[in-house]
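Q: Chains as they are written, first to last, in my numbering: chain A, 53 to 164; chain B, 13 to 125.
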């Protein structure tokens with residue numbers, strides 16, 4: 053158990069819908085990262101937050117957004133969902149930047 | 013840009029045999045390197061990491077990896093594989109200036125009894 057929690061574990065929705073994925077980092081960690089794992093793209097970095105502020109952005113679509121709240125939990129919002137958004141979404145946390153990242157169990161999203 | 017190559021998509025070994033999974037990275041400075049393991053339906057578990065110092069690093073579950081700057085490699089090894097080691101293994105690099113992990117495409121390990 054890494055100490056990073058993610059909810060829900062599974063999510064099934066329809067195209068055009070909007071979903072929110074939630075992540076709670078390890079106790080004391082200030083950085084939260086979001087990654088997407090798909091069969092065709094592999095594991096890809098989406099976005100990083102540090103103590104409530106956006107710090108780095110990767111291959112994140114404009115339809116996707118994230119935020120980190122004062123209690124340090126983070127949410128990833130995916131809107132106007134397409135079939136191709138079906139993937140496993142991981143959250144990771146670390147104490148700061150350039151440190152070891154610990155991953156949560158992931159949220160498996162299926163868009164029908 | 014930094015990149016990670018895992019040339020072996022799928023490897024099959026017999027239980028009790030030794031294992032080496034290959035990883036090559038591309039990055040100008042000294043990278044921070046990681047190996048993660050993903051069991052079916054599970055998240056990513058950290059096996060080991062290299063930041064600096066001793067180039068041979070020990071990890072959990074009896075795994076070790078060696079950083080070789082001259083070969084830009086960070087290969088994962090285990091002297092005797094157990095059936096429970098069957099999983100997908102990912103090598104990753106964290107650059108000195110960015111915060112993101114860049115992953116290789118993974119190597120799926122199958123263990124035969």
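Virtual Cβ for every residue (Gly too), placed ideally from N, Cα, C. No experiment lies behind these values; they were computed from the predicted model shown.
#1: Could you have a look at residue 96 of chain B and say whether DSSP puts it in helix, strand or coil?
#2: Is the beta carbon of residue 113 of chain A less than 8 Å from the beta carbon of residue 77 of chain A?
#3: Pull up the distance between the alpha-carbon of residue 104 of chain A and that of residue 79 of chain A, whole angstroms please.
#4: Taking C-beta pairs closer than 7 Å, name the residues in chain B that residue 136 of chain A reaches, listed in chain order.
#5: Indicate whether residue 73 of chain B and residue 31 of chain B have their beta-carbon atoms separated by less than 8 Å.
#6: Quick check on the DSSP output: the beta strand (DSSP E) that includes residue 93 of chain A runs from which residue to which?
#7: Run the CB neighbour count on residue 70 of chain B, radius 10 Å, all protein chains shown included, and call it buried at 16 or more, exposed below.
#8: Please confirm whether residue 51 of chain B has its beta-carbon closer than 8 Å to some beta-carbon of chain A.
#9: Using a Cβ-Cβ cutoff of less than 6 Å, which residues in the same chain neighbour residue 129 of chain A once the five nearest sequence positions on both sides are dropped?
#10: Spatial neighbours of residue 106 of chain B within its chain, please: CB distance less than 6 Å, with the 5 preceding and 5 following residues excluded, ordered by chain position.
#11: For residue 85 of chain A versus residue 144 of chain A, is the C-beta spacing smaller than 8 Å?
#12: Among B:124, B:17, B:34, B:36, which residue has its Cα nearest to the Cα of residue 97 of chain B?
#13: Which stretch, first to last residue, makes up the beta strand (DSSP E) that contains residue 129 of chain A?
#14: Rounded to the nearest angstrom, what separates residue 39 of chain A and residue 28 of chain B at their Cα positions?
A: Let me lay it out:
#1: Per DSSP, reduced to three states, the secondary structure at residue 96 of chain B is helical.
#2: No, these two residues do not count as a Cβ contact at 8 Å.
#3: A direct Cα-Cα distance of roughly 15 Å separates residue 104 of chain A from residue 79 of chain A.
#4: Near residue 136 of chain A there are no residues of chain B at all, since even the closest Cβ is about 19 Å away, more than 7 Å.
#5: Taking 8 Å as the Cβ cut-off, residue 73 of chain B and residue 31 of chain B do not qualify as a contacting pair.
#6: No beta strand (DSSP E) contains residue 93 of chain A, which DSSP labels as neither H nor E.
#7: Its Cβ having fewer than 16 others within 10 Å, residue 70 of chain B is exposed.
#8: No, residue 51 of chain B lies away from the interface with chain A (no Cβ there is under 8 Å from its Cβ).
#9: If the five residues before and after residue 129 of chain A are omitted, its C-beta is found closer than 6 Å to the C-beta atoms of 72, 117, all from its own chain and listed in chain order.
#10: Cβ within range, chain order: 44, 113.
#11: Their beta carbons are under 8 Å apart, which means residue 85 of chain A touches residue 144 of chain A by this criterion.
#12: When C-alpha distances from residue 97 of chain B are compared across B:124, B:17, B:34, B:36, the shortest belongs to B:124.
#13: That run of the beta strand (DSSP E) goes 126-130.
#14: For residue 39 of chain A there is no data in the structure shown, the boundaries of chain A being 53 and 164.
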